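Since the structure comes first, as structure tokens, the remarks are kept for the end.
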Amino acid sequence: MAYGYYPGCSSHGTAKEYDISTKKVCERLGLKLEEVLALALPFRNLVLAEKQGLDSIMSTCSACYNRLKVAHETLKRAPEILNRISEIVGEPYNKTLKVIHFLDLISKEFGVEKIKESVMKPLTGLKAVSYYGCLLTRPPELVSIDPDAENPTIMEEIIEALGAETPYWSHKTECCGASFALSRTDIVLRLTNEILKAARFADADCIVVACPLCFANLDMRQSQIASKYGVNYSLPVLFISELMGIAMGMGYKELGIDKHIVSAKDLLKGKE
Amino acid sequence: MIYQLNADVRNFGKTISQLSDVDIYTCYQCGKCTAGCPIVMEMSHTPNQIMRLIQLGLKEDVLNSLTPWLCAACETCTTRCPKGVDIAKIMDTLRILARKEGYQSKEPNVVNFNDIFLNCIKDKGRLQETHLAMVYNLKTRQFFKDADIGRKLFMKGKISLSSDKIKGTDAMKSIFERSRAFLGKGE
Chain A
-10 MAYGYYPGCS
0 SHGTAKEYDI
10 STKKVCERLG
20 LKLEEVLALA
30 LPFRNLVLAE
40 KQGLDSIMST
50 CSACYNRLKV
60 AHETLKRAPE
70 ILNRISEIVG
80 EPYNKTLKVI
90 HFLDLISKEF
100 GVEKIKESVM
110 KPLTGLKAVS
120 YYGCLLTRPP
130 ELVSIDPDAE
140 NPTIMEEIIE
150 ALGAETPYWS
160 HKTECCGASF
170 ALSRTDIVLR
180 LTNEILKAAR
190 FADADCIVVA
200 CPLCFANLDM
210 RQSQIASKYG
220 VNYSLPVLFI
230 SELMGIAMGM
240 GYKELGIDKH
250 IVSAKDLLKG
260 KE
Chain X
477 MIYQLNADVR
487 NFGKTISQLS
497 DVDIYTCYQC
507 GKCTAGCPIV
517 MEMSHTPNQI
527 MRLIQLGLKE
537 DVLNSLTPWL
547 CAACETCTTR
557 CPKGVDIAKI
567 MDTLRILARK
577 EGYQSKEPNV
587 VNFNDIFLNC
597 IKDKGRLQET
607 HLAMVYNLKT
617 RQFFKDADIG
627 RKLFMKGKIS
637 LSSDKIKGTD
647 AMKSIFERSR
657 AFLGKGE
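This is the structure in structure tokens:
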């Protein structure tokens, strides 16, 4: 059975490479994806995925995942809200779907142990910290992809399976201020600077993310941070799917990593 | 600061509890929400102060406060509250109520951004990043904001002026209309 794949808003824009690398990696692992090409309305997307005959819907974006999951869990618990929303949207929802994130797909559906078997070029010597941000774990009782919302390790387990090291660090679930990216850019620069500083302090070679919004702030804003705070981190930010692709022997360009603003070329030299 | 309390102190607190479905009276001022808030230094009141002001029924202070507009909805407060108070949801409720009742936000650009964001989803079915950034810059008269990043993204082929055609945008418009009718005017 194919997994429903909701690509969200960024995967044809600022996070093209996340879409490209996710599809490539899933194909290699034999995970079949079927796109749910829908509007940005969580309830309606759940309904459409059900209508498409799918039993799951997977998002690569933390925000999409969070909204779909919160909608699904809330509707499961509160029939009166389900009735009201069905009336507004004009369609019923049978609550049969499994709402998952790409990390769930890899770690829980496929399995970390099996990931090790797919590694052709272990990322030996690479130090990668994982950044979860806000929406993959909060609020924990509804959405958390990891039992420990304050110190999740689901991404670290995947990174270790790829042969890389993943230093312990302080900022894995701190907020980057994503929703203020345009309206209060100063706040985003301050928060993002703190995250980059912490990653540098942990001696990381790169930050690994599983969300287009985290990626956008961390990758795109480094030159503005350099002018404002006087520190030029030049710290590559990679999507987890890109890191997996590299370890599976795929190429830098093939995965779309050449589209990053902070180049990861030197970092990945000799690893492809 | 000295606050003047009026007789029907509990009315505002009750309204907020009802609208948000969160019992604001269980807050006992431990301050854990404020300790974890990444944006607290920009706010006019700390999150726990907002909770106390609601309990005291000081509606004007709460709805004129900068704090709800600077909440990033990261939900660190909600996650850590020992009493299970969903503070992020309270902030959302306060933004909705402030707009409904005509309070002017002291962060107009945050309001502009939210409006443009929702309109974009209504008209195009999904968020189009380029469209969002351009309309936002025009509306707030910051014509060259993030032009450096825009140029780089364009060179990398990540943004373009054409947009995806999404099926079902008509359905989207009528869903917006029906939700507005349901919630009442003002949002």
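Going down the list, the protein sequences come from chains A and X.
Using the working numbering, you'd call the opening residue of the first sequence number -10 and step up by one each time.
Using the working numbering, you'd call the opening residue of the second sequence number 477 and step up by one each time.
For every residue, glycine included, the Cβ atom is placed at its ideal position computed from N, Cα and C.
This one's a predicted model, so the numbers in the text were calculated from it and none came from an experiment.
- The beta-carbon of X:D568 is placed no less than 8 angstroms from the nearest beta-carbon of chain A.
- Note that the stretch 94 to 112 of chain A does not touch the stretch 122 to 130 of chain A; fewer than 3 beta-carbon pairs, one per stretch, sit closer than 8 angstroms.
- Bridge pairing for A:E154: A:K116 [DSSP].
- At a C-beta separation below 9 angstroms, X:D624 has these neighbours in chain A: S212 and Q213.
- Here the stretch 579 to 598 of chain X does not lie against the stretch 155 to 166 of chain A, with fewer than 3 beta-carbon pairs under 8 angstroms apart.
- Boundaries for A:I89: no alpha helix (DSSP H) harbours it, while the beta strand (DSSP E) harbouring it runs K87 to H90, taken from the DSSP string.
- Residue state for A:Y241 is assigned as coil, using DSSP reduced to three classes.
- Below the 9 angstroms Cβ cutoff, chain A contributes no neighbours of X:Y504, its closest Cβ being approximately 20 angstroms away.
- Close to X:Y612, with beta-carbon spacing below 9 angstroms, are these residues of chain A in chain order: L171 and S172.
- Checking the DSSP bridge columns, you'll see A:F190 has no partner listed.
- A:L22 carries a strand assignment under DSSP once its states are collapsed to helix, strand and coil.
- The C-beta of A:N140 has fewer than 16 other C-beta atoms within 10 Å across all chains shown, which makes the residue exposed.
- The C-beta of A:K248 has 16 or more other C-beta atoms within 10 Å across all chains shown, which makes the residue buried.
- DSSP lists A:A117 as the beta-bridge partner residues of A:C195.
- For A:K84, same chain residues with a beta-carbon under 6 angstroms away, outside a window of 5 residues either side, are K65 in chain order.
- In terms of Cα proximity to A:P225, the closest of A:Y218, A:G234 and A:I246 is A:I246.
- 8 angstroms or more divides the Cβ of A:V251 from the Cβ of A:Q213.
- With its beta carbon less than 8 angstroms from one in chain A, X:R602 belongs to the interface.
- A check of alpha carbon separations from A:L86 across A:I74, A:G100 and A:S48 identifies A:S48 as the nearest.
- Across the structure, A:P111 and A:E146 are spaced so that their CA atoms are roughly 14 angstroms apart.
- From the listed residues X:I530, X:V587, X:E518 and X:L481, the smallest Cα separation to X:Q494 is found for X:I530.
- A:I74 and X:T569 have their C-alpha atoms spaced approximately 18 angstroms apart.
- Proximity of chain A to X:R654 at the Cβ level (cut-off 7 angstroms) is accounted for by I77, in chain order.
- Taking a contact as a CB-CB distance under 8 angstroms, the pair X:I563 and X:C553 counts as one, their CB atoms being some 4 angstroms apart.
- Counting only Cβ-Cβ distances below 8 angstroms, X:P514 has contacts in chain A at E163, C164, G166 and L180, in chain order.
- Along the stretch -3 to 23 of chain A, the positions whose C-beta sits under 7 angstroms from a C-beta of chain X are C(-2), S(-1), H1, G2, T3 and K5, read in chain order.
- Around the C-beta of A:D175, fewer than 16 other C-beta atoms lie within 10 Å, and the residue is accordingly described as exposed.
- At a C-beta separation below 9 angstroms, X:T552 has these neighbours in chain A: C123, R127, T162, E163 and C164.
- Contact of A:I250 with chain X is assigned, a C-beta pair being separated by under 8 angstroms.
- Secondary structure at A:Y54: helix, using DSSP grouped into helix, strand and coil.
- Membership of X:S493 in the alpha helix (DSSP H) is indicated by the continuous run V485 to S496.
- Contact annotation: X:T543 and X:H521 have beta-carbon atoms nearer than 8 angstroms.
- Proximity of X:I642 to chain A, defined by a Cβ-Cβ separation below 8 angstroms, is satisfied.
- Assignment of A:V59 by DSSP, reduced to helix, strand and coil, places it in the helix class.
- Under the Cβ criterion of 8 angstroms, X:G507 is not counted among the residues facing chain A.
- In this structure the stretch 576 to 596 of chain X does not touch the stretch 5 to 17 of chain A; the number of beta carbon pairs closer than 8 angstroms is below three.
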